[in-house]
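S.K.: Numbering (the UniProt record's numbering), first residue to last: 1 to 365.
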């Protein structure tokens, strides 16, 4: 018999490190006894946790070494791609506008907004918005160099045409002129405009200004005669809301309507002579076309357009054979009374403005 050959243990592969750890954990669990599976699992978890921590520390140290590695940007070996390149090409023209815009953009990117009022004033001065050097205290008043100082000081001459010669309005306007003459910040035209603003309130006054109508009565116009479908009439009663009652010269009393445009331009009262337009299907109604002045009515009567019984005056009445029309006038306020009311209103208004002006002077001067 041939002897058995011994197995060559030298060619046997070594056991992996992980299996050795598992075998060691099982041996410890067998030695301790109890729940062997749980003991083995706990031991392996502790070993694995220590291994993971070691790997993390190793990776962090490698990453830090890469970050702090010195790199020389200026002493490296050149690639020699661009060999024969001149520093500046003389044939290329310089773009001045482009260069200026580039410098402006760079300045905008590097300039911060003003942090306080002083920096803002400095910026405005550099831009020429606030002051121009050398400093001129009369900057912006170049036009006033051609205006004599008397135009600024003597402002009362602008009151002659409209302001009363005495009274509270005159006293108030003299104070206004005194304040304007001492104001160095307004031009002459601005001062005159300030005075003319008061002239709108106290210039004409009275019922003519308040009404705003009949202002063009003095202008001569061509005399208008009636045509077909029209008739002369005299106002007998004002009904309001743009309506009136008129006695036509053909003997028919009609209800007349005042058009909107005519209502805004003229005043129509009892006794006025008017021209009306007749309606085809409503004989009892008509539309007012025109109001005649007293002079125009007298001229029409001279031409024979009106009956002889028509009396034309400030409070005319129409009298026709066969009927009498009594026009009763209620209590009316005379022009003198209206002027007194206007004077009181203007006195109160200027008294209020006077106190406001005094308060302004005390506070600011």
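For each residue, glycine too, the CB sits at the ideal point set by N, CA and C.
Please give the ranges of any alpha helix (DSSP H) in the stretch 144-188, keeping only runs that are unbroken, at least 4 residues long and fully inside the region.
M.R.: DSSP runs (the alpha helix (DSSP H)) wholly in the stretch 144-188: 149-153, 168-181.
S.K.: If we count the other Cβ atoms within 10 Å of its Cβ and call it buried at 16 or more, is residue 332 buried or exposed?
M.R.: As a first step, residue 332 must be located in the chain shown, where it is residue number 332. Note that residue 332 scores 42 on pLDDT, short of 50, meaning its location in the model is unreliable and no value can be drawn from it.
S.K.: I'd like to check one pair, residue 278 with residue 242: are the Cβ atoms closer than 7 Å?
M.R.: Within the chain shown, the letter at position 242 stands for residue 242. Within the chain shown, the letter at position 278 stands for residue 278. Not in contact: residue 242 and residue 278 (Cβ atoms no closer than 7 Å).
S.K.: For the alpha helix (DSSP H) containing residue 110, list its first residue and its last residue.
M.R.: To locate residue 110, count along the chain shown from 1; it is residue 110. Element bounds for residue 110: 96-110.
S.K.: Give me the DSSP bridge partner(s) of residue 243.
M.R.: Position 243 of the chain shown, counting from 1, holds the residue named residue 243. Residue 243 pairs with 240, 257.
S.K.: Output the distance between the C-alpha atoms of residue 139 and residue 293, rounded to the nearest integer angstrom.
M.R.: Here residue 139 refers to the residue found at position 139 when the chain shown is read from its first residue. Here residue 293 refers to the residue found at position 293 when the chain shown is read from its first residue. Answer to the nearest angstrom: the Cα atoms are 59 Å apart.
S.K.: Scan the stretch 254-306 and note each continuous alpha helix (DSSP H) run of 4 residues or more that stays entirely inside, going in chain order.
M.R.: List check, alpha helix (DSSP H) in window: 260-265, 294-302.
S.K.: Could you say if the stretch 283-297 and the stretch 250-268 meet the contact criterion of at least three C-beta pairs nearer than 8 Å?
M.R.: They touch, by the three-pair rule.
S.K.: DSSP three-state call for residue 310: helix, strand or coil?
M.R.: Residue 310 sits at position 310 when you count from the first residue of the chain shown. Looking at residue 310 - three-state DSSP - the assignment turns out to be strand.
S.K.: Who are residue 231's beta bridge partners in DSSP?
M.R.: For the purposes of this step, residue 231 is taken as residue 231 along the chain shown, with counting starting at 1. 276, per the DSSP bridge assignment.
S.K.: Assuming the contact rule is C-beta atoms closer than 8 Å, residue 151 and residue 188 should be a hit. Round their C-beta distance to whole Å, please.
M.R.: In the chain shown, the residue the question calls residue 151 occupies position 151. In the chain shown, the residue the question calls residue 188 occupies position 188. Right, the Cβ-Cβ distance comes to about 5 Å (below 8 Å), so this counts as a contact.
S.K.: Could you spell out where the alpha helix (DSSP H) holding residue 117 opens and where it closes?
M.R.: Here residue 117 is taken as the residue at index 117 of the chain shown, counted from 1. 117-127 is the extent of the alpha helix (DSSP H) around residue 117.
S.K.: Three or more C-beta pairs under 8 Å: does that hold for the stretch 164-171 against the stretch 141-156?
M.R.: No: fewer than three Cβ pairs fall under 8 Å.
S.K.: What's the C-alpha gap between residue 23 and residue 51?
M.R.: Here residue 23 refers to the residue found at position 23 when the chain shown is read from its first residue. Here residue 51 refers to the residue found at position 51 when the chain shown is read from its first residue. Roughly 17 Å separates the two Cα atoms.
S.K.: Around the Cβ of residue 107, are there at least 16 other Cβ atoms within 10 angstroms (buried) or fewer (exposed)?
M.R.: Counting from one through the chain shown, the residue named residue 107 turns up at place 107. Classification for residue 107: exposed.
S.K.: To the nearest angstrom, how far is it from the Cα of residue 37 to the Cα of residue 18?
M.R.: Here residue 37 is taken as the residue at index 37 of the chain shown, counted from 1. Here residue 18 is taken as the residue at index 18 of the chain shown, counted from 1. So the two alpha carbons sit approximately 17 Å from each other.
S.K.: Within a Cβ cutoff of 6 Å, which residues of the same chain sit near residue 354, ignoring the five residues on either side of it in sequence?
M.R.: The count along the chain shown starts at 1 and reaches residue 354 at position 354. 172.
S.K.: Check whether the Cβ atoms of residue 29 and residue 40 lie closer than 7 Å to each other.
M.R.: Taking the first residue of the chain shown as position 1, residue 29 is located at position 29. Taking the first residue of the chain shown as position 1, residue 40 is located at position 40. Going by C-beta atoms, residue 29 is nearer than 7 Å to residue 40.
S.K.: Count the other CB atoms within 10 Å of the CB of residue 176; is the residue buried (16 or more) or exposed (fewer)?
M.R.: Position 176 of the chain shown, counting from 1, holds the residue named residue 176. Its Cβ being crowded by 16 or more others within 10 Å, residue 176 is buried.
S.K.: For residue 240, which option in 146, 263, 232 has the closest C-alpha, if you only look at C-alpha atoms?
M.R.: Within the chain shown, the letter at position 240 stands for residue 240. The candidate whose alpha carbon is nearest that of residue 240 is 263.
S.K.: For residue 221, I'd like the list of residues in its chain whose CB is within less than 6 Å of its CB, leaving aside the five on either flank, ordered along the chain.
M.R.: The count along the chain shown starts at 1 and reaches residue 221 at position 221. Excluding residues within five positions, none has a Cβ falling inside 6 Å.
S.K.: Please report how far the alpha carbon of residue 266 lies from the alpha carbon of residue 291, in whole angstroms.
M.R.: Position 266 of the chain shown holds residue 266. Position 291 of the chain shown holds residue 291. Answer to the nearest angstrom: the Cα atoms are 8 Å apart.
S.K.: When the Cα atoms are used, what is the spatial distance from residue 180 to residue 125?
M.R.: Position 180 of the chain shown holds residue 180. Position 125 of the chain shown holds residue 125. If you take the alpha carbons of residue 180 and residue 125, they lie about 31 Å apart.
S.K.: Tell me, please, whether the CB atom of residue 164 is closer than 7 Å to any CB atom in chain B?
M.R.: Among the protein chains of the structure shown there is no chain B, as only one such chain exists.
S.K.: My understanding is that residue 232 touches residue 273, with C-beta atoms under 8 Å, so please give their C-beta distance in whole angstroms.
M.R.: Residue 232 sits at position 232 when you count from the first residue of the chain shown. Residue 273 sits at position 273 when you count from the first residue of the chain shown. About 7 Å; that satisfies the 8 Å criterion.
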